[in-house]
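K.L.:
Quick one: the structure is below, and I'll ask about it shortly.
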Amino acid sequence: MGSREEILAKLRAAPKPFTDLPKRDTYLHMVPIADKSPAALRKRFAEEAKKLACEVSEPVSHTDAIQQILALFGENKSVIAWDFANIPLPGLADAFATAGIQIADVRDGSVRVGITGADAALASTGSLVVGSGPGKPRQASLLPALHIAVISPDQIITDLETWFDGQLAKGLQHFRSAAAHVVISGPSRTADIAMELVMGVHGPTRVHVVILP
Amino acid sequence: MKVESQNFIPAAQIAIRNPNIQEAVTTGTRNSYVKRNIAMSTPTLEHGEAMRMQAAEAKRRALRNLPDLLEKAEANMKANGITVEWAQTSQEVCKLVVDIAKKHNVHLVAKSKSMVTEEVALNDILEAEGMEVIETDLGEFIVQIGKTHPSHLLAPIIHMTKPEIRDLMVKELGMTPTDDAGEMTKFAQAHLRRYFLEADMGISGGNFILAETGSICLVTNEGNGRMCTTLPRVHIAVVGIEKVVESVKDYATLTQVLPRSGTGQVMTVYTHMINGPRQLGETDGPEHVYVILVDNGRTKIYDTDYAESLACIRCGACQNACPVYRSTGGLAYGWVYAGPIGAIVTPLLVGMENASPLPQASSLCGACKQVCPVNIDIPRMLLELRHDLVEQGETGKIWDIGIKFWAIGNKSPRLFQMGGSMARFGRKHVLKNNLPGPLGGWTDYRDFPNFAPKSFHQLWKERQAAKNSHNGGSNNG
Chain A
492 MGSREEILAK LRAAPKPFTD LPKRDTYLHM VPIADKSPAA LRKRFAEEAK
542 KLACEVSEPV SHTDAIQQIL ALFGENKSVI AWDFANIPLP GLADAFATAG
592 IQIADVRDGS VRVGITGADA ALASTGSLVV GSGPGKPRQA SLLPALHIAV
642 ISPDQIITDL ETWFDGQLAK GLQHFRSAAA HVVISGPSRT ADIAMELVMG
692 VHGPTRVHVV ILP
Chain B
30 MKVESQNFIP AAQIAIRNPN IQEAVTTGTR NSYVKRNIAM STPTLEHGEA
80 MRMQAAEAKR RALRNLPDLL EKAEANMKAN GITVEWAQTS QEVCKLVVDI
130 AKKHNVHLVA KSKSMVTEEV ALNDILEAEG MEVIETDLGE FIVQIGKTHP
180 SHLLAPIIHM TKPEIRDLMV KELGMTPTDD AGEMTKFAQA HLRRYFLEAD
230 MGISGGNFIL AETGSICLVT NEGNGRMCTT LPRVHIAVVG IEKVVESVKD
280 YATLTQVLPR SGTGQVMTVY THMINGPRQL GETDGPEHVY VILVDNGRTK
330 IYDTDYAESL ACIRCGACQN ACPVYRSTGG LAYGWVYAGP IGAIVTPLLV
380 GMENASPLPQ ASSLCGACKQ VCPVNIDIPR MLLELRHDLV EQGETGKIWD
430 IGIKFWAIGN KSPRLFQMGG SMARFGRKHV LKNNLPGPLG GWTDYRDFPN
480 FAPKSFHQLW KERQAAKNSH NGGSNNG
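Chains as they are written, first to last, in the numbering used here: chain A, 492 to 704; chain B, 30 to 506.
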C-alpha cells in the first residue's frame with residue numbers, strides 16, 4: 492500500500508471527529524458593509540486602499556489618466572506591463588510609444604515600474620484581485636518597485652466574499668482558466684526586525700491605483 | 030529539526046534572565062496582541078466573536094470530512110495540472126523533494142516560510158545533496174544566517190533585538206553597520222533578489238488547500254512567497270494534510286481571520302491562490318507545480334481527543350497572548366512549534382517522552398483559547414496531556430509519594446488536623462519562607478504564603494462553643 496492509501500486508510504479508520512457540530516445557518520462577511528451603492532463602494536475602496544498605504548488617484552478623463560501615469564514614470568523608460576488589451580485605458584500604448592517607454596522582459600529585475608489592470612477591486616479592504624494569464628504577467632505587480640494598477644469604477648465590488656460568489660455563479664471556471672490569483676493589499680512590507688514596519692521588501696514599495704472616470 | 034523540548038525548564042530559566050530576549054519578546058508579543066484585539070473587535074467585539082465561531086466551524090467541518098476532502102482536493106489539483114504526492118514521514122518528504130529536484134536538474138532552491146519543512150529539516154537534506162538553499166522570508170533568512178531556529182509562527186526572529194540582528198548581518202553578510210530597520214531590510218532585499226531570479230526551484234508551505242478548486246493558498250507580506258512560486262521553473266508546496274478546507278466561502282472567512290489574528294492586518298499584502306502551472310501563452314509562472322501532502326504524525330493525532338489541535342491555522346495569536354511564551358520566548362520550547370499550541374502538538378508529534386515539560390508550561394489562564402481564531406480549547410488539551418503524562422509515568426516519583434501521603438491524611442480527620450497543626454508550626458518556626466527539599470524550587474522565586482493562624486475546624490469549634498454559651502447551653506436555638 493502506498494503512502495496515499497495508508498494516510499487515507501488511517502484517517503478513515505479513526506472515529507470521525509466533530510460529528511456533533513451544529514449546522515451553520517448564517518454566513519457572515521468579515522467586513523459588514525451596509526451601503527453597497529457604486530458611489531459608496533468607490534469611496535470606501537479609495538479610503539481603505541489609502542489605509543493600506545496605496546496611492547490612489549481619480550483622474551477626470553482618460554487623457555488626464557495617461558498624463559498622471561506618465562508623470563509616475565519620472566525618468567524611467569521601461570516597464571513590465573500587461574498587454575494593453577487587458578488595461579481598460581485606451582490610448583496608453585500610443586502614449587508609451589510617444590514617451591519612448593519600452594515594454595521590458597518580465598524577468599528583468601532592473602525595471603522600476605510595472606503596470607497592470609485588475610480582475611476586481613474590493614471596497615471592504617482596498618484590495619485588488621489580480622489573476623494571471625496570457626497577456627497578464629504576474630511579475631508586473633511584483634518585481635518592480637512601483638506597481639501602477641488601472642481599474643475602472645465598475646470593477647469595484649463589495650468584498651472578497653462577493654468576488655467568490657461571482658466565481659461560484661460562473662462555476663469556478665476562473666480557477667481552471669487562470670494559473671494563479673492574488674489579492675493585493677498595499678505595498679509589500681515586513682516587521683520582522685524588532686517589529687518596525689518597513690515598506691517595500693521583495694515586492695513593490697509603492698502601489699498606485701488609478702481609478703478611471 | 031532536533032527535538033530539545035525535554036530541556037524546557039533550564040532553557041526557560043536562561044531565557045528569563047536574558048535581557049535581550051525579554052526586551053524583544055515582550056515588545057513583539059504585546060504589539061501583536063494589541064493589534065489583534067483591535068482587528069478582531071472591528072466593527073464590534075460581537076461581530077469578531079461571530080467570525081471566530083464561523084471560522085471555527087469551517088475548520089472543524091473540514092477535519093470531520095478530512096479523507097474525502099483530501100481526495101477531492103487531489104482530484105481538482107490533478108485536473109489543474111498539479112502533481113500530487115503523499116508522504117507519511119520526514120524521510121519520505123525529503124526523498125520526494127530530492128527526487129523532484131534531481132529530475133529537474135535543480136541547483137539553487139529559494140524557500141518561502143514553511144513550518145512543515147522545519148519539522149522535517151529539509152534544508153539539511155537538500156544541502157547534503159549538493160544544492161544551495163536560501164530562505165527568503167526576511168526573518169527566516171536571519172534565522173538561516175544565524176544558524177538558529179524560528180521562535181514564533183509569524184515572526185521568526187521575535188526573540189532578537191535590533192542590535193543583535195544588525196551585528197549578525199554585519200558579521201555574516203558584510204553589511205555596513207546601521208541601526209535603521211529600513212536600511213537593514215533594503216540590504217537583505219538586494220542580497221536576496223539575485224536568488225529569486227536565478228533559483229531553479231521554489232519551495233513553499235501552504236496556509237490552506239482549497240478542495241473545491243484545488244488551489245494552494247499562501248499569505249505573504251513581503252512578496253517572497255509570490256516570488257518563490259512564480260519565478261523559478263519548479264514549485265513544490267509542502268503542506269500538512271490538516272490544511273485542507275472545503276469551499277471558497279470557508280476560505281474567504283479563514284484567510285481574513287488569519288491576518289487579523291496574527292498581525293492585526295485586515296488582509297495580508299498578498300493573499301495568493303495557486304491553481305496550477307504556467308499556461309499556454311503565459312510568460313511567467315512555474316512550468317511544474319508539485320504538492321506534497323504530509324502526514325508526519327497527523328493521522329495519529331486525528332485518531333485521538335486531540336484532533337482539535339489540527340484545526341490550528343498557525344496565526345501565532347496564542348503565542349502573543351500566553352504569559353509563559355511572553356516570558357520565555359519560543360526557543361526554550363525546543364522544537365518547531367512554541368507557545369500554547371506548541372505545548373500540545375509537540376508532545377503529540379515527537380512523543381510525550383521527548384517533550385514532557387511542555388504541557389506544564391501553562392498557567393491555564395485561558396488567554397490562548399480566547400484569542401484563537403478557530404477557538405481551539407487549548408487549556409482542555411493541556412490538562413488532558415498532563416493526565417496522560419501521569420498515566421504514562423512521565424511525572425517524577427515525588428508526586429506519587431506526595432499524593433499517597435495526602436490520601437492517607439485525608440482519610441482520617443485526626444491525621445488531617447495533626448498535619449495541619451504541624452504545617453502551621455513548621456511554616457512559622459522552622460521553614461519560614463522556603464519549602465524543604467525537592468519542593469524548594471517553588472520557593473526559589475517566591476515566599477511560601479502564610480497559613481491562616483487557625484484551621485477551619487478550630488474556628489468552627491470555637492464558633493459552636495460561643496453559640497452554646499450564648500444560648501445558655503440550650504440546644505433549642
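Yeah, the Cβ is synthetic: ideal placement off N, Cα and C, and Gly gets one too.
Measuring only between beta-carbons, confirm whether B/Val298 sits less than 8 Å from chain A.
P.N.:
The residue given as residue 298 of chain B occupies position 269 in the second sequence. By this cut-off, B/Val298 is an interface position.
K.L.:
DSSP puts B/Met106 in a beta bridge; with which residues?
P.N.:
Residue numbering aside, residue 106 of chain B sits at position 77 when the second sequence is read from its first letter. Beta-bridge pairing links B/Met106 to no other residue.
K.L.:
Within 8 Å, do at least three Cβ pairs link the segment 177-185 of chain B to the segment 350-361 of chain B?
P.N.:
Contact between the segment 350-361 of chain B and the segment 177-185 of chain B is present, because at least three Cβ pairs lie under 8 Å.
K.L.:
Measuring straight from C-alpha to C-alpha, what distance separates B/Ala514 and B/Ala139?
P.N.:
What is shown of chain B runs 30 to 506, which leaves residue 514 of chain B out entirely.
K.L.:
Going by beta carbon distance, what residues of the same chain come within less than 8 Å of B/Asn505, once the five residues before and after it are set aside?
P.N.:
Here the question's residue 505 of chain B lines up with position 476 in the second sequence. For B/Asn505, the predicted structure reports a pLDDT of 49, less than 50, and the residue's modelled location is therefore unreliable. A value from the coordinates is still provided. Around B/Asn505: no qualifying Cβ.
K.L.:
What beta strand (DSSP E) runs, 3 residues minimum, are completely inside the segment 115-189 of chain B?
P.N.:
Fully enclosed beta strand (DSSP E) runs of 3 or longer: 137-140 and 161-164.
K.L.:
Using 8 Å as the threshold, is the C-beta distance between A/Pro635 and A/Gly662 below it?
P.N.:
On the first sequence, position 144 is the one that residue 635 of chain A refers to. On the first sequence, position 171 is the one that residue 662 of chain A refers to. For A/Pro635 and A/Gly662, no; Cβs fall outside 8 Å.
K.L.:
In the structure shown, what three-state DSSP assignment does B/Gly470 receive?
P.N.:
Position 441 of the second sequence, counting from 1, holds the residue named residue 470 of chain B. In the structure shown, B/Gly470 sits in a helix (DSSP, three-state: H, G or I).
K.L.:
Cβ closer than 9 Å: which chain B residues qualify as neighbours of A/His672?
P.N.:
Sequence index remark: in the first sequence, residue 672 of chain A carries index 181 (1-based). Going along chain B in sequence order, the residues near A/His672 (Cβ under 9 Å) are Ser244, Thr300, His301, Met302, Ile303 and Asn304.
K.L.:
Since B/Val268 and B/Ile238 should fall inside the 8 Å C-beta cutoff, what is the C-beta to C-beta distance between them, to a whole number of angstroms?
P.N.:
If you number the second sequence from 1, residue 268 of chain B lands on position 239. If you number the second sequence from 1, residue 238 of chain B lands on position 209. About 6 Å; that satisfies the 8 Å criterion.
K.L.:
Mind listing the chain B neighbours of A/Leu502? Cutoff is C-beta to C-beta under 7 Å, in chain order.
P.N.:
As a working note, residue 502 of chain A is residue 11 in the first sequence. Simply Leu95, Pro96, Thr328 and Tyr331.
K.L.:
Residues of chain B with CB under 7 Å from A/Val593, in chain order?
P.N.:
What you label residue 593 of chain A is simply residue 102 of the first sequence in a count that begins at 1. The identity of residue 593 of chain A in the sequence shown is Gln, whereas the question assumes Val. Ordered by position in chain B, no residue passes the 7 Å Cβ test against A/Gln593, which lies about 15 Å from the chain.
K.L.:
Identify the contact partners of A/Lys507 in chain B, using a Cβ-Cβ distance below 7 Å as the criterion.
P.N.:
Taking the first sequence and counting its residues from 1, the one referred to as residue 507 of chain A is at position 16. Near A/Lys507 (Cβ distances below 7 Å), the residues of chain B are Arg93.
K.L.:
Here's the rule: buried if 16 or more other CB atoms are within 10 angstroms of the residue's CB, otherwise exposed. What is A/Leu540?
P.N.:
If you number the first sequence from 1, residue 540 of chain A lands on position 49. Note on residue identity: the sequence assigns Ala, not Leu, to residue 540 of chain A. The residue in question, A/Ala540, is buried, as its Cβ has 16 or more Cβ neighbours within 10 Å.
K.L.:
Going along the chain, which unbroken runs of the alpha helix (DSSP H) with 4 or more residues stay wholly within the segment 275-307 of chain B?
P.N.:
The qualifying runs are 277-291.
K.L.:
Could you tell me which chain A residues have their CB closer than 7 Å to the CB of B/Gln173, listed as they occur along the chain?
P.N.:
Residue mapping note: residue 173 of chain B aligns to position 144 of the second sequence, counting from 1. By Cβ distance, chain A contributes nothing, its closest Cβ being about 13 Å from B/Gln173, past 7 Å.
K.L.:
Going by DSSP in three states, B/Gly506 sits in which element: helix, strand or coil?
P.N.:
The sequence position of residue 506 of chain B within the second sequence is 477, counting from 1. Confidence at B/Gly506 is low in this model, with a pLDDT of 41, below 50, so its placement is unreliable and the value that follows should be read with caution. In this structure, B/Gly506 counts as coil in the three-state DSSP scheme.
K.L.:
With burial defined as no fewer than 16 other Cβ atoms inside 10 Å of the residue's Cβ, what is the status of B/Gly190: buried or exposed?
P.N.:
Position 161 of the second sequence holds residue 190 of chain B. Correcting the residue type first, residue 190 of chain B is Thr in the shown sequence and not Gly. The residue in question, B/Thr190, is buried, as its Cβ has 16 or more Cβ neighbours within 10 Å.
K.L.:
In chain A, which residues lie less than 8 Å from B/Leu221 when you measure between Cβ atoms?
P.N.:
By 1-based counting over the second sequence, the position of residue 221 of chain B is 192. What B/Leu221 touches in chain A: His693.
K.L.:
Do A/Arg629 and B/Thr259 have their beta-carbon atoms positioned less than 8 Å apart in this structure?
P.N.:
Mapped onto the second sequence, residue 259 of chain B falls at position 230. Mapped onto the first sequence, residue 629 of chain A falls at position 138. For B/Thr259 and A/Arg629, yes; Cβs fall inside 8 Å.
K.L.:
Taking Cβ positions only, does B/Met256 come closer than 8 Å to chain A?
P.N.:
Position 227 of the second sequence holds residue 256 of chain B. Yes, B/Met256 lies at the interface with chain A (some Cβ there is under 8 Å from its Cβ).
K.L.:
From B/Cys257 to B/Gly168, what distance separates their C-alpha atoms?
P.N.:
In the second sequence, residue 257 of chain B corresponds to position 228, counting from 1. In the second sequence, residue 168 of chain B corresponds to position 139, counting from 1. Their Cα atoms are separated by approximately 16 Å.
K.L.:
Should A/Gln658 be flagged as near chain B, meaning a C-beta pair shorter than 8 Å?
P.N.:
The residue labelled residue 658 of chain A in the question sits at position 167 within the first sequence. Yes, its Cβ sits closer than 8 Å to a Cβ of chain B.
K.L.:
List the DSSP bridge partners of A/Gln593.
P.N.:
The residue you call residue 593 of chain A lines up with position 102 of the first sequence. Bridge partners of A/Gln593: A/Ser569.
K.L.:
Short of 7 Å in beta carbon distance, which residues of its chain neighbour B/Lys330, apart from the five on each side in sequence? Order them along the chain.
P.N.:
For this step, residue 330 of chain B is matched to residue 301 along the second sequence. For the sequence presented, residue 330 of chain B should be read as Ile rather than Lys. Cβ within range, chain order: Ala336, Ser338, Leu339 and Leu377.
K.L.:
Alpha carbons only, please: which of A/Gly624, A/Phe655 and A/Val674 is nearest the one belonging to B/Leu309?
P.N.:
Along the second sequence, one-based indexing puts residue 309 of chain B at 280. For the residues A/Gly624, A/Phe655 and A/Val674, the minimum Cα distance to B/Leu309 belongs to A/Gly624.
K.L.:
Hey, is B/Thr207's beta-carbon within less than 8 Å of any beta-carbon in chain A?
P.N.:
Numbered from 1 along the second sequence, position 178 holds the residue referred to as residue 207 of chain B. Judged by the 8 Å Cβ criterion, B/Thr207 is not in contact with chain A.
K.L.:
Note down, in chain order, every chain B residue with its Cβ under 8 Å from the Cβ of A/Leu633.
P.N.:
Along the first sequence, read from residue 1 onward, the residue named residue 633 of chain A stands at position 142. Simply Gly252, Arg255, Met256 and Thr259.
K.L.:
From the DSSP output, which residues share a beta bridge with A/Lys627?
P.N.:
The count along the first sequence starts at 1 and reaches residue 627 of chain A at position 136. According to DSSP, which records beta bridges pairwise, A/Lys627 is partnered with A/Gly624.
K.L.:
Quick one: is A/Ile619 near chain B, going by C-beta distance under 8 Å?
P.N.:
Taking the first sequence and counting its residues from 1, one reaches residue 619 of chain A at position 128. Contrary to the premise, residue 619 of chain A reads as Leu rather than Ile in this sequence. No, A/Leu619 does not count as interfacial toward chain B.
K.L.:
Using only alpha-carbon positions, find the residue among A/Ala669, A/Glu497, A/Leu651 and A/Trp654 that is nearest to B/Gly314.
P.N.:
The count along the second sequence starts at 1 and reaches residue 314 of chain B at position 285. For B/Gly314, the nearest C-alpha among the options comes from A/Ala669.
K.L.:
Whose CA, out of A/Glu652, A/Leu637, A/Glu687 and A/Leu633, lies closest to the CA of B/Tyr299?
P.N.:
In the second sequence, the residue the question calls residue 299 of chain B occupies position 270. The shortest Cα separation from B/Tyr299 among A/Glu652, A/Leu637, A/Glu687 and A/Leu633 belongs to A/Leu633.
K.L.:
Please list, in chain order, the chain B residues whose beta carbon lies closer than 9 Å to that of A/Ala531.
P.N.:
As a first step, residue 531 of chain A must be located in the first sequence, where it is residue number 40. Near A/Ala531 there are no residues of chain B at all, since even the closest Cβ is about 16 Å away, more than 9 Å.
K.L.:
Taking 8 Å as the threshold (beta carbon to beta carbon), is B/Gly310 in contact with chain A?
P.N.:
One-based indexing of the second sequence puts residue 310 of chain B at position 281. Yes, contact with chain A.
K.L.:
Which residues does DSSP pair with A/Ala612 in a beta bridge?
P.N.:
Within the first sequence, numbered from 1, the residue matching residue 612 of chain A stands at position 121. In the DSSP output, where bridge partners are listed per residue, A/Ala612 has A/Leu619 and A/Ile647.
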